[in-house]
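Each protein sequence line maps, in turn, to chains A and B.
Letter by letter, the first sequence follows residues 639 to 859 of the working numbering.
Letter by letter, the second sequence follows residues 345 to 481 of the working numbering.
Just so you know, even glycine gets a beta-carbon here, dropped at the ideal spot from N, CA and C.
Remarks on the structure that follows.
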Amino acid sequence: MPVWQSLFADLKDRNFVVVAVAMDGPEAARPWIEAAKLSYPCLIDRNHHVADLYNMVNVPQAVWIDETGRIVRPPENAGASDSFREMNRVTKQMTPEQLAERARTKTTYVAAVRDWVLKGPASEFAFDAESARARLRLPDAAIAEAHAHFRLAQHLLRTGKSDEAVVHFAEASRLHPDSWTIWRQAAKKDATGLAAGREFWARVDALGDRPYYRPIDMKGM
Amino acid sequence: MITVLHEQSETACSTAHADGEQLWIGAGEFERATGWSLKPQGFCHGDICVPVPAGRTAEFVAGDAVNAGAFWRRMNNPVVHDAMGEVWVLGSGATDRSTSLQSLEAPDFTLPDLAGVDRTLSEHRGKKVLLATWASW
């Protein structure tokens with residue numbers, strides 16, 4: 639998020655805004671937002687409504703929306719790298735090469751956003767309607783049903799029925815196994831609030847050759 | 345009291361009663377919960393009307409009440425409820441979501457910020473927007 643803050647600070651006079659959506663409850667999101675001193679809108683989406691609307695499966699994902707409200711880049715991984723999968727899982731350390739790869743993908747993505755903000759449709763990173771449509775990922779019936787179970791589970795959790803909530807979180811993940819937002823929101827968190835324990839790594843390892851962050855169609859990535 | 349969850353709204357429905365997979369709600373309350381109203385031509389939302397299937401009226405309408413569960417499933421939308429039948433999600437189907445995305449008009453939404461103030465995506469019309477998700481977990 640600090641990376642969006644510096645991008646926003648640089649470009650806010652160029653008719654540009656960042657709208658951040660936390661797939662989280664307000665209690666969990668608050669310390670992060672306050673610590674980063676963010677000046678763009680930071681919204682709280684405990685029901686993952688935006689993931690349902692835009693068929694998102696992970697964070698960070700982002701959408702580029704032009705001045706008329708048209709999607710010019712559909713939801714996609716916003717510059718995160720799979721290099722974290724190779725970290726030392728005991729020390730949580732990454733090698734200099736892994737860190738460099740992580741920084742490179744983030745920098746490439748942010749530079750592309752900047753190019754689009756400055757050049758608009760002339761930016762090589764902005765898709766025309768046909769190209770944007772071709773890159774959309776559309777939900778199927780199981781995904782739609784998964785979001786309904788997730789919505790019910792969040793309601794049950796808030797009304798003190800956590801045992802029953804677990805059943806519907808599990809059903810949501812079963813119906814939509816590609817969604818990390820659903821799985822991690824419901825997963826056990828460690829002392830720092832991260833769902834990054836043994837179960838997380840087992841699920842990551844089960845991906846095999848498949849990506850955790852889906853590669854995106856962007857020059858330089 | 346049965347609670348109906350639809351999109352971002354949460355509606356307490358005093359006229360609703362559940363019977364297994366059936367959820368009957370007074371037509372006025374169903375409209376408040378979902379935006380769908382019962383008219384002579386069928387179930388209507390904005391300009392769209394869906395006729396009640398011929399010869400099957402009793403499955404969908406009884407006096408002033410509508411079978412929200414049956415209608416919702418007929419529309420191929422998800423219907424999910426808790427074990428007691430006290431909380432029902434009338435979800436949005438894959439076809440509606442896909443049609444909306446394929447229009448390329450960014451689906452609009454309203455969510456609170458940390459101060460509890462509601463913000464709407466389309467407030468930013470006229471600017472370029474980077475809509476970016478994140479999470480603490």
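Residue 709 of chain A has its alpha-carbon roughly 14 angstroms from the corresponding atom of residue 761 of chain A. With the rule of 3 Cβ pairs closer than 8 angstroms, the region 423 to 443 of chain B counts as touching the region 791 to 810 of chain A. Not one beta carbon of chain A lies nearer than 8 angstroms to the beta carbon of residue 380 of chain B. Runs of beta strand (DSSP E) with 3 or more residues, each lying fully within the region 390 to 425 of chain B, are found at 392 to 394, 409 to 411, 423 to 425, listed in chain order. If you look at residue 769 of chain A, you'll find it in the alpha helix (DSSP H) that goes 767 to 772.
Between residue 378 of chain B and residue 434 of chain B, the CB-CB gap stays under 8 angstroms. Three or more beta-carbon pairs separated by less than 8 angstroms are not found between the region 780 to 800 of chain A and the region 735 to 748 of chain A, which leaves the two stretches without contact.
Secondary structure of residue 473 of chain B (DSSP, three-state): strand. Here DSSP, grouped into helix, strand and coil, assigns residue 381 of chain B to strand.
Boundaries for residue 463 of chain B: no alpha helix (DSSP H) harbours it, while the beta strand (DSSP E) harbouring it runs 462 to 464, taken from the DSSP string.
At a cut-off of 8 angstroms between beta-carbon atoms, residue 687 of chain A makes contact with chain B.
The alpha helix (DSSP H) runs lying completely inside the region 656 to 744 of chain A and spanning 4 residues or more are 664 to 674, 687 to 692, given in chain order. In this structure, the CA atom of residue 443 of chain B is about 22 angstroms from the CA atom of residue 381 of chain B. C-alpha of residue 831 of chain A to C-alpha of residue 372 of chain B: approximately 43 angstroms in a straight line. Under the rule that a run must span 4 or more residues, the alpha helix (DSSP H) segments found entirely inside the region 791 to 835 of chain A read 800 to 813, 818 to 824. Of all residues in the region 432 to 462 of chain B, those with a C-beta nearer than 7 angstroms to a C-beta of chain A are 433, 435, 436, 437, 438, 441, 442, 445, 446, 448, 449, 450, 451, 453, 455, 456, 457, 458, reading in chain order. A direct Cα-to-Cα measurement between residue 724 of chain A and residue 834 of chain A gives close to 14 angstroms. Chain A has a Cβ within less than 8 angstroms of the Cβ of residue 478 of chain B. Counting only residues of its own chain and dropping the five nearest sequence neighbours on each side, residue 667 of chain A has a CB closer than 7 angstroms to the CB of 660, 682.
Interface criterion met: the Cβ of residue 683 of chain A is under 8 angstroms from a Cβ in chain B.
DSSP places residue 438 of chain B inside the alpha helix (DSSP H), whose first and last residues are 438 to 446. The region 697 to 712 of chain A and the region 462 to 480 of chain B touch, with no fewer than 3 CB-CB distances between them shorter than 8 angstroms. Between residue 420 of chain B and the set B:440, B:407, B:370, B:479, the nearest pair of CA atoms involves B:440.
Going by DSSP, residue 366 of chain B is part of the beta strand (DSSP E) stretching over 366 to 370. Flagged as an interface residue toward chain A: residue 468 of chain B, by a C-beta distance shorter than 8 angstroms. Closest by C-alpha distance to residue 698 of chain A, out of A:720, A:858, A:796, is A:720. Close CB contacts of residue 642 of chain A within its chain, under the 6 angstroms cut and outside five residues either way in sequence, are with 656 (chain order). The DSSP-derived three-state label of residue 858 of chain A is coil.
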